[in-house]
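J.: Here the numbering used here is used: the first residue of the sequence shown is 9, the next is one more, and so on.
The following block contains the structure, expressed as structure tokens.
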Amino acid sequence: FDFKNVKDFDRSLIHAPGPCVLFATPGMLCAGFSLEVFKHWAPSPLNLVALPGYSVAGTVGHKLMSGKPTTVDLYNGTKVDVRCKIHQVAFSPHTDAKGIMDLTKFLSPKNVVLVHGEKPSMMSLKEKITSELDIPCFVPA
Numbered sequence: 009f010d011f012k013n014v015k016d017f018d019r020s021l022i023h024a025p026g027p028c029v030l031f032a033t034p035g036m037l038c039a040g041f042s043l044e045v046f047k048h049w050a051p052s053p054l055n056l057v058a059l060p061g062y063s064v065a066g067t068v069g070h071k072l073m074s075g076k077p078t079t080v081d082l083y084n085g086t087k088v089d090v091r092c093k094i095h096q097v098a099f100s101p102h103t104d105a106k107g108i109m110d111l112t113k114f115l116s117p118k119n120v121v122l123v124h125g126e127k128p129s130m131m132s133l134k135e136k137i138t139s140e141l142d143i144p145c146f147v148p149a
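This is how it looks when you write it as structure tokens:
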């Protein structure tokens with residue numbers, strides 16, 4: 009499988025002007041790459057942070073979804089100005105086949121890539137997506 013526009017994120021793009029879409033974990037902004045990028049992108053009103061439907065209490069993600077903060081306290085005591093837009097996406101990474109089919113129908117993407125689950129279940133879902141929705145589906149692992 010080959011998607012020419014999907015690439016590993018080049019960290020130099022954190023400071024680059026222009027549009028960029030980044031999917032980073034963890035979604036609760038509790039550590040790691042997502043929190044690192046959030047610190048840089050949160051102060052700009054031109055940016056949008058889309059958060060998963062659930063974040064554990066005490067995480068930056070939870071603080072952002074609990075209101076419209078203008079600043080947020082990070083874990084090391086520093087504060088970050090928050091002028092970016094915050095959007096909560098009702099999405100569960102642990103949904104069943106019906107939930108994945110419903111989401112796929114709603115989004116109507118050009119392709120689907122299944123990356124998490126038991127191989128037999130993913131192959132069955134791949135066949136269902138391909139035959140019922142006529143959407144190319146890939147199971148790379």
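Positions of the beta carbon are idealized from the N, C-alpha and C atoms, including for glycine.
So, are the CB atoms of Val123 and Lys134 less than 7 Å apart?
T.: Contact flag unset, no.
J.: Could you check if Ala24 is buried or exposed, using at least 16 other CB atoms within 10 Å of its CB as the buried criterion?
T.: Exposed is the call here.
J.: Out of Ile94, Met109 and Asp18, which has the shortest C-alpha to C-alpha gap to Gly61?
T.: Among Ile94, Met109 and Asp18, the Cα nearest to that of Gly61 belongs to Ile94.
J.: Here's a check: name, in chain order, each residue in its chain whose Cβ is nearer than 8 Å to the Cβ of Thr112, leaving out the five neighbours to either side.
T.: Around Thr112: Val120, Ile137, Leu141 and Ile143.
J.: Would you give the residue range spanned by the beta strand (DSSP E) that Lys87 belongs to?
T.: Residues Lys87 to Asp89.
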